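Reviewing the structure listed below.
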Amino acid sequence: SPARIGVTGLAVMGRNLARNFARHGYRVAVHNRTQARTTALLEEFGHEGEFVAAGTTEEFVAALERPRLIVIMVKAGAPTDAVIDELVPLLDEGDVVADGGNAHFLDTRRREAALRERGLHFVGSGISGGEQGALEGPSIMPGGTPEAYRVLGPLLEDIAAKVDGKPCCTHVGPDGAGHFVKMVHNGIEYADMQLIAEAYDLLRHGAGLQPDAIAEVFRTWNAGRLESYLIEITAEVLARTDAATGKPFVDVVLDQAEQKGTGRWTVQSALELGVPVSGIAEAVFARSLSGSVPLRQAGRGLPGPTETWLDSAAADRFADDVEQALYASKMVAYAQGFNQIQAGSAEYSWQIDPGEMATIWRGGCIIRARFLDRIRAAYEADRERPTLLTDAHFREALGSAQSAWRRVVSVAAQLGVPAPGFATALAYYDGLRAERLPAALVQGQRDFFGAHTYRRVDRDGTFHTRWEVEGRPEEQR
Ligand code: NDP
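Using UniProt numbering, the first residue of the sequence shown is number 5, and each one after it goes up by one.
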């Protein structure tokens, strides 16, 4: 009998996704460019459910019931186009092609438009959760037409993670909306990881704690409001001892963070949209700095502060302060990311419900956390809110965290421990709070050197000052 759904691309993600469908009782057609992967899947996991192994794209398409549901899980970029080009001539009107890879949302928009022309549905679907998520329940962010979601959505919801009985999968919006949201998810992930890393660095080089002791601190935090997958795995990484040397694992790893590019995409998109996502940007730049080897070698001898540790009384209090600073900075980073989702949604007319995004990120994905329930609730109360930070919970939490947050940022500055994530989050917060920003002066400078004009607080219109003539009133432009 025909297969209910097909998965092509059987590397780590595709293989596990196919197994996930099969474990949920779906008959799954599986295909991979190199057939050895298909054979290996059947040999190792064939007993888990009903698989139909296809050697060629033709066999793969022929194995599927109509309308066909196909999930592509290949390397993002040109390989995705190559697979689409091979599939499309073999498909019929109404068939649904989903791309679960990490595609750029603009590529997804292009592909969706091209397939729509041919009467096919294209579902650009962000999938988060890595290998384990794909197998046991990822967070899925599908974009495309409502009709396509009606057909494919129930299967995706079935295999997605569940939190309080709700699937971590929803129809995000048209064309590139799903991949856009997945991109911002990854940007937020970068920011969250950077903030956690800074917290570790401050505890280590400010309070003088060793990695195993810091692991304990993180475990304690994970029992509270910071409870999240990232805090949990951080404790595990810090507690790990390197088998070969007996040293803490974190001390034998090269301190150069890598990136595959979704953080960079998030910042590029934010620059285009004009959304200040300083937390994500600092995280991307912090990874760049860590990997800039000649730059760091050149900089290593630069003078630093004479004071290098907290005294023991201050060190005792410090972990609590860092917890507050982390929570506050995290609120800012997420608020910025959600603003980017709102801005993207407005720019491309996607009608994305930000509260729903928080809901489907509560399980399955890398940033899953208790905290996302707060975000869901904040947007349920007001979907159009300009910033999460003014929601009652956030406002109160920021208010009570701010003294500690300021202490941590000043300790970091005094001791010379880099904490760009904490510092930029605080600067953003103070920027939002400010009655007047020095942007007024910037406007003056712009008018001075370029006659770029300015607006006044007390009168409508656009003005330019004749700077070379003292006392002369400005001209209205
Ligand atoms: P890879 O990104 O390593 O891609 C390998 C797969 O792509 C193989 O099946 C390979 O086939 C296939 N492929 C590459 N080029 C072509 C081509 N020109 N034509 C046909 N097939 C091709 O696999 P992953 O499983 O790691 O990731 C799959 C997708 O999921 C990627 O887009 C990735 O960004 C995304 N993703 C990955 C996550 C992860 O944790 N790894 C998490 C979330 C998303 P062959 O065996 O023949 O070489």
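All C-beta atoms in this analysis are idealised placements derived from N, C-alpha and C, irrespective of residue type, glycine included.
Predicted, not measured: the structure shown is a model, and the values here were computed from it.
CA-CA distance, residue i and residue j?
{"i": "Val-279", "j": "Asn-343", "result": "7 angstroms"}
{"i": "Lys-79", "j": "Leu-73", "result": "19 angstroms"}
{"i": "Gly-180", "j": "Phe-64", "result": "26 angstroms"}
{"i": "Thr-466", "j": "Ala-455", "result": "11 angstroms"}
{"i": "Arg-291", "j": "Gln-263", "result": "8 angstroms"}
{"i": "Ala-66", "j": "Asp-96", "result": "11 angstroms"}
{"i": "Cys-369", "j": "Pro-309", "result": "40 angstroms"}
{"i": "Asp-103", "j": "Cys-173", "result": "15 angstroms"}
{"i": "Ser-349", "j": "Asp-462", "result": "34 angstroms"}
{"i": "Gly-228", "j": "Leu-242", "result": "19 angstroms"}
{"i": "Ser-129", "j": "Pro-150", "result": "13 angstroms"}
{"i": "Leu-277", "j": "Ala-40", "result": "44 angstroms"}
{"i": "His-175", "j": "Gly-157", "result": "7 angstroms"}
{"i": "Leu-419", "j": "Tyr-432", "result": "22 angstroms"}
{"i": "Val-254", "j": "Pro-215", "result": "8 angstroms"}
{"i": "Pro-71", "j": "Ala-7", "result": "11 angstroms"}
{"i": "Ala-416", "j": "Thr-238", "result": "21 angstroms"}
{"i": "Pro-83", "j": "Tyr-458", "result": "50 angstroms"}
{"i": "Pro-423", "j": "Val-413", "result": "Reading the sequence as shown, one finds Ala at residue 423 and not Pro. Approximately 7 angstroms, taken between the alpha carbons."}
{"i": "Thr-224", "j": "Asp-434", "result": "29 angstroms"}
{"i": "Pro-178", "j": "Ala-117", "result": "11 angstroms"}
{"i": "Asp-323", "j": "Leu-330", "result": "According to the sequence shown, residue 323 is Ala rather than Asp. Straight-line Cα distance between these residues: approximately 10 angstroms."}
{"i": "Gly-341", "j": "Leu-45", "result": "38 angstroms"}
Do the CB positions of residue i and residue j come within less than 8 angstroms of each other?
{"i": "Arg-23", "j": "Leu-139", "result": "yes"}
{"i": "Arg-380", "j": "Thr-363", "result": "yes"}
{"i": "Gly-267", "j": "Ile-284", "result": "yes"}
{"i": "Phe-126", "j": "Met-187", "result": "no"}
{"i": "Trp-354", "j": "Gly-212", "result": "no"}
{"i": "Thr-391", "j": "Ala-339", "result": "yes"}
{"i": "Ala-332", "j": "Gln-406", "result": "yes"}
{"i": "Leu-159", "j": "Pro-146", "result": "no"}
{"i": "Leu-393", "j": "Glu-327", "result": "no"}
{"i": "residue 485", "j": "Val-92", "result": "Residue 485 lies beyond the range of the chain shown here (5 to 481); nothing can be said about it."}
{"i": "Ile-88", "j": "Thr-12", "result": "no"}
{"i": "Gly-367", "j": "Gly-141", "result": "yes"}
{"i": "Glu-62", "j": "Leu-94", "result": "yes"}
{"i": "residue 484", "j": "Val-155", "result": "Residue 484 is absent from the model: the chain starts at 5 and stops at 481."}
{"i": "Ala-26", "j": "Glu-48", "result": "no"}
{"i": "Ser-232", "j": "Phe-375", "result": "yes"}
With H, G and I counted as helix, E and B as strand and the rest as coil, what does DSSP make of residue i?
{"i": "Ser-333", "result": "helix"}
{"i": "His-175", "result": "coil"}
{"i": "Tyr-352", "result": "coil"}
{"i": "Gly-368", "result": "coil"}
{"i": "Ala-429", "result": "helix"}
{"i": "His-125", "result": "strand"}
{"i": "Thr-238", "result": "helix"}
Using alpha carbons as the reference points, say which of the options lies closest to residue i.
{"i": "Arg-31", "options": "Arg-463, Ala-44, Ser-5", "result": "Ser-5"}
{"i": "Ile-9", "options": "Val-221, Val-185, Arg-37, Ala-58", "result": "Ala-58"}
{"i": "Phe-398", "options": "Asp-357, Met-335, Val-256", "result": "Met-335"}
{"i": "Ala-373", "options": "Phe-49, Ile-235, Ala-118, Val-100", "result": "Ile-235"}
{"i": "Asp-425", "options": "His-28, Gly-137, Ala-203", "result": "In the sequence as displayed, the identity of residue 425 is Gly instead of Asp. Of His-28, Gly-137, Ala-203, the residue nearest in Cα terms is Ala-203."}
{"i": "Val-185", "options": "Leu-206, Thr-469, Ile-131, Ala-217", "result": "Ile-131"}
{"i": "Lys-166", "options": "Leu-430, Trp-365, Phe-453, Arg-450", "result": "Trp-365"}
{"i": "Ser-273", "options": "Thr-38, Arg-460, Val-256, Gln-346", "result": "Gln-346"}
{"i": "Arg-450", "options": "Thr-469, Gly-359, Phe-49, Arg-437", "result": "Thr-469"}
{"i": "Asp-385", "options": "Val-257, Pro-358, Trp-409", "result": "It is Ala, not Asp, that sits at residue 385 in the sequence shown. If we check each option's Cα against that of Ala-385, Pro-358 comes out closest."}
{"i": "Ala-217", "options": "Met-17, Glu-400, Ala-86, Asp-320", "result": "Asp-320"}
{"i": "Gly-137", "options": "Met-17, Pro-178, Ser-316", "result": "Met-17"}
{"i": "Arg-481", "options": "Gly-475, Asp-464, Glu-472, Glu-474", "result": "Asp-464"}
{"i": "Thr-112", "options": "Gln-301, Glu-400, Asp-162, His-183", "result": "His-183"}
Unbroken stretches of the beta strand (DSSP E), 3 residues or longer, contained in the segment 36-89:
55-57, 73-76
Alpha helix (DSSP H) runs contained entirely in the segment 129-173, provided each spans 4 or more residues:
134-140, 150-163
Whole alpha helix (DSSP H) elements within the segment 431-462, 4-residue minimum:
443-454
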